[in-house]
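Quick notes on the structure that follows.
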Amino acid sequence: MIRSTRNPIAIAFILAVLSVAPALLWAGGAEDLRLGASAAGVPIDANDEDPGNPSPLIVAGDFNRDGIVDLAEVKSASGDLAMHSVLVVLLGQADGSFKPAASTPLPGRDPRSIIVGDFNRDGNPDLIVADGDGTLFELLGDGKGNLVPAGAIAHLGEAHSVAMGDFNHDGILDLAVSDPLSNAVTVLLGAGDGSFRPAWSFALPMRGQLYRLAAADFNGDGIADLVVTNEDDDTYEVMLGNGNGTFTFAPELSNLKDPNAHCPA
292 MIRSTRNPIA IAFILAVLSV APALLWAGGA EDLRLGASAA GVPIDANDED PGNPSPLIVA
352 GDFNRDGIVD LAEVKSASGD LAMHSVLVVL LGQADGSFKP AASTPLPGRD PRSIIVGDFN
412 RDGNPDLIVA DGDGTLFELL GDGKGNLVPA GAIAHLGEAH SVAMGDFNHD GILDLAVSDP
472 LSNAVTVLLG AGDGSFRPAW SFALPMRGQL YRLAAADFNG DGIADLVVTN EDDDTYEVML
532 GNGNGTFTFA PELSNLKDPN AHCPA
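Add 291 to a position in the sequence shown, counting from 1, and you land on the number used in the numbering used here.
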């Protein structure tokens, strides 16, 4: 039996947030985009995605700081997991077109998620790419359109989805990573220099399922919260931020199949 929230307004709000997430992500670059259009302008439909040729991951940011939105695209080489993934930067032009710029091979073979943010606080947008082998790989922007590999910032069991927010309220961007292999969400607190440290974790609602994450202030208290969504059904779990890098499960805002599914780590 699916557990229904006792607050219908809250459900409507959360579903509304999730429904506009792709548009918000294009503007803020908080997560990867699998819907809409690829950098080449070809529509991407996640429902028709070919497992042998997965859709690229795309985020937006002003990588050369000219006031025009650019794109960064990460994809497996021809869908071949035996080859490394590749990052391509496409610089936005004043006429709305995009010009291919730098192309950088990445060590991972199975990119799952990508986010953009200023992780070392130098004013330039940076990237973090999460790979299916559990590695989170960072690329630092130089403000000229180049994204320079800076190595791995974390190694987990599996990295499926990444959300970004200031989870401990210190003005520095932090990460939350969905790890299906370990059945957990791991919170990584940013140091402000591009590095991160594992700080806390909590269990995913159900083992053996794939979950995606999104971060926003759902209860209006000025602290970033998390929503954990299942890719195969309409269930979701809301975790309210405590402002110190930890979260508290909010059953009244969540919609889970099993009322006993949540088990804090």
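Glycine is no exception: its CB is placed at the ideal position from the N, C-alpha and C atoms.
None of these values were measured; they are calculated from a predicted model.
Unbroken beta strand (DSSP E) run spanning residue i, endpoints
i	result
Lys245	Since the first residue shown for the chain is 292 and the last is 556, residue 245 is missing from the structure and cannot be characterised.
Leu381	376 to 383
Thr539	538 to 540
Bridge partner(s) assigned by DSSP for residue i
i	result
His451	DSSP, once it has assigned bridges, lists no residue as partnering His451.
Gly348	Contrary to the premise, residue 348 reads as Leu rather than Gly in this sequence. Bridge partners of Leu348: Val365.
Asn355	Asn355 pairs with nothing; no bridge assigned.
Pro489	Leu479
Leu517	Ala506, Met530
Asn546	Tyr527
Residues of its chain near residue i, where Cβ-Cβ distance is below 6 Å and the 5 sequence neighbours each way are ignored
i	result
Ser452	Ser404, Ser469, Arg503, Leu504
Ser545	Glu528, Val529
Gly432	Phe354, Asn415, Pro416, Asp417, Leu438
Arg356	Gly434
Trp491	Val478, Gly536, Thr537
Leu315	Interpretation of Leu315 is limited by its pLDDT of 34, a score under 50 that renders its predicted location unreliable; the figure taken from the coordinates is listed afterwards. Cβ within range, chain order: n/a, list empty.
Buried/exposed call for residue i, threshold 16 Cβ in 10 Å
i	result
Gly358	exposed
Val365	buried
Leu615	The chain is shown only over 292 to 556; residue 615 falls outside these bounds and no answer can be derived.
Thr477	buried
Thr520	buried
Glu449	buried
Thr539	exposed
Pro496	buried
Met374	exposed
Asp465	buried
Glu522	exposed
Glu429	buried
Asp457	buried
Asp361	buried
Gly327	Low confidence applies to Gly327: its pLDDT is 30, below 50, so where it sits in the model is not reliable enough to give any reading.
Gly320	Unreliable placement is indicated for Gly320, whose pLDDT of 39 sits below 50; the coordinate value is still reported in the next sentence. By the neighbour-count rule (16 or more Cβ atoms within 10 Å), Gly320 is buried.
Ala337	Any reading at Ala337 must be qualified, since the residue scores a pLDDT of 34, below 50, and its modelled position is unreliable; the value itself is stated next. Label assigned to Ala337: exposed.
Gly462	exposed
Gly387	exposed
Gly332	Reliability fails at Gly332, whose pLDDT of 31 lies under 50, so the model's placement of it is uncertain and the value that follows must be treated cautiously. With fewer than 16 other Cβ atoms within 10 Å, it is exposed.
Own chain residues within Cβ distance below 7 Å of residue i, not counting five before or after
i	result
Lys390	Leu381, Leu382, Gln384
Asn510	Asp516, Leu531
Asn474	Ala494, Leu495, Arg498
Asp508	Ile514, Ala515, Asp516
His446	Gly425, Thr426
Pro396	His375, Val377
8 Å CB neighbourhood of residue i in its chain, flanking five on each side removed
i	result
Pro402	Leu348, Val365, Lys366, Ser367, Ser376, Val420, Ala421, Asp422, Gly423
Ser394	Val377, Leu378, Val379, Val380
Gly442	Phe428, Glu429
Ile444	Ile419, Leu427, Phe428, Glu429, Leu479, Gly485, Ser486, Phe487
Gly481	Phe410, Ile463, Leu464, Asp465, Leu466, Phe487
Asn533	Ile514, Thr539
CB contact check: residue i to chain C, cutoff 7 Å
i	result
Val350	Here there is only one protein chain, and chain C is not present.
Whole runs of the beta strand (DSSP E) within the stretch 400 to 484, excluding any shorter than 3 residues = 402 to 408, 417 to 422, 426 to 432, 438 to 446, 452 to 456, 465 to 470, 475 to 481
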